[in-house]
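Below: the structure, in structure tokens.
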């Protein structure tokens, strides 16, 4: 029924269009007058003759020529008359190609998009609506409005209503211009405000039109403000989820052993490279299942990072307990070794880890608020890892032992807890969680040997700000720092924002050394 309504409306819009192409009118395409050429393209877009689309496609593909006073379409060895589609033989001597500049090519693209609006595929109609949304020709307004009434896809219909209203702004009819301004007041597109500003600022404009334009601008600016605000919050939460994945493991190891592990960022790198290797294995051996390589990469990255973490703890870290400065220097040296190992194995250049198809695209809430699927899924993944970590720490024997060692290591050893084994397991667990963070990070940035270096300082800030060994503190600190950083970046720039965040953390720790959440339990100082 909706398609029938669309057909009737479209026929009414095209009732004044020519039923066949006029050869003389096509000659305007070969002229030097740009306005006349644009008008000819618009006429072709409004024509009911199927040959009009053939001409537009040929013009787009640089396959339109002139010879002997006629416009020709040359497709390989085949020549046809542009007006009738009839074959031309013999071929004329030296046909001249029609030149198409960027402005005319853009007009041709919009003309073809107008024809794509009645495609059976939603994807094609939506792409056409996006094409027409940018500076739509006024002559297309009626058709776009008619299509919008029959369109079943909400996004496409909204784009077309907005485009039709924009096109009516150029109308000579004052009533149409006023109606267009009032309709655009509900738009959330940032490109609409500059279109309305001349009507709001013109002193010689119709008072009703000027007043409507000012009210529309105020509504649009208010909508854009909230859209920008929500976008910054979402981006900050996305950054906070990455910081949380990097800091969860550090909160465990730093809380249990008091080790300042400067190599923790390299566990992120190991997890990201594990995802890269898994992707390569799927591409070579299971290309049909390529979209699901990420699911296989999660346990691989956890185990790879955890094994490296246990190895480093047993070989180096274990022998430096109680010597924080030496541990810091040793772990920094280990980070350099791991970075160099990555360079040797994978090369110094960044490698690309592709998003699976189900992580591509975005959720468009408004034109100024677009939420990428990969970042939304990373936030969900961070929540899942947090829940599993909490369950492990609060509902398992290992978690009980880790918490006991964190609160009072000597007493835990007295009641039979094998503290050195707990140290190894906790270090491996923290490294494995960081490896999972590396998989998430690989979906939004390039993977390289030094990728972990950019997150180690932020991860330590999260742990210290939240409270040593406190998962709840790590959550609030990660989200708070992420959101604060994104808001400050919008006002001061990325570098100044990072400095301000660091200064805030330093001042906060001076006033509250235990962090947001103080460690519970009794601790005996020797």
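In this note's numbering, the protein residues as written are 180 to 705.
Even for Gly, the Cβ is constructed at its ideal location relative to N, Cα and C.
Let me make sure I understand the geometry here. Which of 240, 248, 239 has the alpha-carbon closest to that of residue 204?
By one-based count along the chain shown, residue 204 stands at place 25. Residue 248 is the option with its Cα nearest to residue 204.
Counting only the same chain and skipping the five closest in sequence on each side, list residues whose C-beta sits under 8 Å from that of residue 565.
Taking the first residue of the chain shown as position 1, residue 565 is located at position 386. Within the same chain, residue 565 has close Cβ partners 423, 427, 650, 654.
How is the alpha helix (DSSP H) around residue 259 delimited, first residue to last?
Taking the chain shown and counting its residues from 1, one reaches residue 259 at position 80. Element bounds for residue 259: not the alpha helix (DSSP H) but the beta strand (DSSP E), 257–260.
What whole-angstrom Cβ distance do residue 425 and residue 662 have, given they're in contact under 8 Å?
Numbered from its first residue, the chain shown carries residue 425 at position 246. Numbered from its first residue, the chain shown carries residue 662 at position 483. About 16 Å separates the two Cβ atoms, so there is no contact after all.
Can you look up residue 656 in the DSSP assignment and give me helix, strand or coil?
The residue you call residue 656 lines up with position 477 of the chain shown. Of the three classes helix, strand and coil, the one that applies to residue 656 here is helix, per DSSP.
Mind listing, in chain order, the continuous alpha helix (DSSP H) runs of no fewer than 4 residues lying wholly within the region 498–552?
Runs found: 503–525.
Considering only C-alpha positions, which residue in the set 281, 347, 332 is nearest to residue 302?
For the purposes of this step, residue 302 is taken as residue 123 along the chain shown, with counting starting at 1. When each option's Cα is compared against that of residue 302, the closest is 332.
Measure from the C-beta of residue 205 to each C-beta in chain C and report whether the shortest distance is under 9 Å.
Looking for chain C here will not work: only one protein chain is present.
Taking the beta strand (DSSP E) that residue 598 falls in, what are its first and last residues?
As a first step, residue 598 must be located in the chain shown, where it is residue number 419. Note, residue 598: premise wrong, no beta strand (DSSP E); alpha helix (DSSP H) at 598–621.
In terms of residue numbering, what span does the beta strand (DSSP E) encompassing residue 252 cover?
Here residue 252 is taken as the residue at index 73 of the chain shown, counted from 1. Residues 249–254.
Look up residue 275 in the DSSP assignment and give the residues it is bridged to.
For the purposes of this step, residue 275 is taken as the residue at position 96 of the chain shown. Partner(s): 245.
Taking contact to mean 3 or more Cβ pairs, one atom from each stretch, closer than 8 Å, check whether the region 436–451 and the region 620–637 are in contact.
Judged by Cβ distances under 8 Å, the region 436–451 makes contact with the region 620–637, as three or more pairs qualify.
Compute the distance between the beta-carbons of residue 532 and residue 458, then report whether it is under 9 Å.
Residue numbering aside, residue 532 sits at position 353 when the chain shown is read from its first letter. Residue numbering aside, residue 458 sits at position 279 when the chain shown is read from its first letter. Yes, these two residues count as a Cβ contact at 9 Å.
Count the C-beta pairs between the region 571–589 and the region 473–488 that are closer than 8 Å, then say yes if the count reaches three, no if not.
Segments in contact, no.
Answer yes or no: do residue 342 and residue 391 have a C-beta to C-beta separation smaller than 9 Å?
Walking along the chain shown from the start, residue 342 turns up at place 163. Walking along the chain shown from the start, residue 391 turns up at place 212. Contact: no.
Can you pull the DSSP bridge partners for residue 626?
By one-based count along the chain shown, residue 626 stands at place 447. Looking at the DSSP assignment, residue 626 forms a beta bridge with 530.
Let me know if residue 386 comes out buried or exposed under the rule of 16 or more other beta-carbons within 10 Å of its beta-carbon.
The residue given as residue 386 occupies position 207 in the chain shown. Answer is exposed; the Cβ neighbour count stays below 16.
Taking only three categories from DSSP, how would you classify residue 226?
Along the chain shown, one-based indexing puts residue 226 at 47. Residue 226 falls in the coil class under three-state DSSP.
Could you spell out the range, first to last residue, of the alpha helix (DSSP H) harbouring residue 378?
Against the chain shown, residue 378 aligns to sequence position 199. Start and end: 371–380.
How many angstroms separate the CA atom of residue 181 from the CA atom of residue 320?
Translated into the one-based positions of the chain shown, residue 181 becomes position 2. Translated into the one-based positions of the chain shown, residue 320 becomes position 141. Note that residue 181 scores a pLDDT of 46, beneath 50, so its modelled location is shaky and nothing firm can be said.
Going by alpha carbons, who is nearest to residue 367 out of 348, 397, 379, 353?
Taking the chain shown and counting its residues from 1, the one referred to as residue 367 is at position 188. Answer by Cα proximity: 397.
Counting Cβ pairs closer than 8 Å, one from the region 219–238 and one from the region 284–298, do we hit at least three?
Contact holds: three or more Cβ-Cβ distances are below 8 Å.
For the putative contact between residue 262 and residue 200, defined by C-beta atoms under 8 Å, what is the C-beta separation to the nearest angstrom?
By one-based count along the chain shown, residue 262 stands at place 83. By one-based count along the chain shown, residue 200 stands at place 21. Confirmed, about 4 Å.
Measuring alpha carbon to alpha carbon, tell me which residue in 351, 211, 309 is nearest residue 340.
Counting from one through the chain shown, the residue named residue 340 turns up at place 161. The candidate whose alpha carbon is nearest that of residue 340 is 309.
What three-state label does DSSP hand residue 480 in the structure shown?
Residue numbering aside, residue 480 sits at position 301 when the chain shown is read from its first letter. In the structure shown, residue 480 sits in a helix (DSSP, three-state: H, G or I).
What do you reckon, are the CB atoms on residue 441 and residue 514 nearer than 9 Å?
Position 262 of the chain shown, counted from the first residue, corresponds to residue 441. Position 335 of the chain shown, counted from the first residue, corresponds to residue 514. A contact, by the Cβ cut-off of 9 Å.
Quick one: what's residue 266 bridged to in DSSP?
To locate residue 266, count along the chain shown from 1; it is residue 87. In DSSP, residue 266 forms a bridge with 259.
Is residue 349 near residue 369, with beta carbons less than 9 Å apart?
Taking the chain shown and counting its residues from 1, one reaches residue 349 at position 170. Taking the chain shown and counting its residues from 1, one reaches residue 369 at position 190. For residue 349 and residue 369, no; Cβs fall outside 9 Å.
Is residue 365 helix, strand or coil by DSSP?
Counting from one through the chain shown, the residue named residue 365 turns up at place 186. In the structure shown, residue 365 sits in coil (DSSP, three-state: anything other than H, G, I, E or B).
In angstroms with no decimal places, state the Cα-to-Cα distance between residue 665 and residue 415.
Here the question's residue 665 lines up with position 486 in the chain shown. Here the question's residue 415 lines up with position 236 in the chain shown. Residue 665 and residue 415: Cα-Cα distance of roughly 5 Å.
Helix, strand or coil: how does DSSP classify residue 295 here?
Working through the chain shown from its first residue, we reach residue 295 at position 116. Of the three classes helix, strand and coil, the one that applies to residue 295 here is helix, per DSSP.
State the Cα-Cα distance for the pair residue 256 and residue 286, rounded to the nearest angstrom.
Taking the chain shown and counting its residues from 1, one reaches residue 256 at position 77. Taking the chain shown and counting its residues from 1, one reaches residue 286 at position 107. Straight-line Cα distance between these residues: approximately 28 Å.
Under 8 Å, with one C-beta from each stretch per pair, do the region 460–472 and the region 487–496 reach the 3-pair mark?
No, they do not touch.
Could you give the distance in angstroms between the alpha-carbon of residue 476 and the alpha-carbon of residue 688?
Here residue 476 refers to the residue found at position 297 when the chain shown is read from its first residue. Here residue 688 refers to the residue found at position 509 when the chain shown is read from its first residue. So the two alpha carbons sit approximately 38 Å from each other.
Whose C-alpha, out of 245, 227, 253, is nearest the C-alpha of residue 237?
Position 58 of the chain shown, counted from the start, is the residue given in the question as residue 237. For the residues 245, 227, 253, the minimum Cα distance to residue 237 belongs to 253.
Under 7 Å Cβ to Cβ from residue 583, same chain only, skipping five residues before and after it: list those, please.
Here the question's residue 583 lines up with position 404 in the chain shown. Answer for residue 583: 591, 596, listed in chain order.
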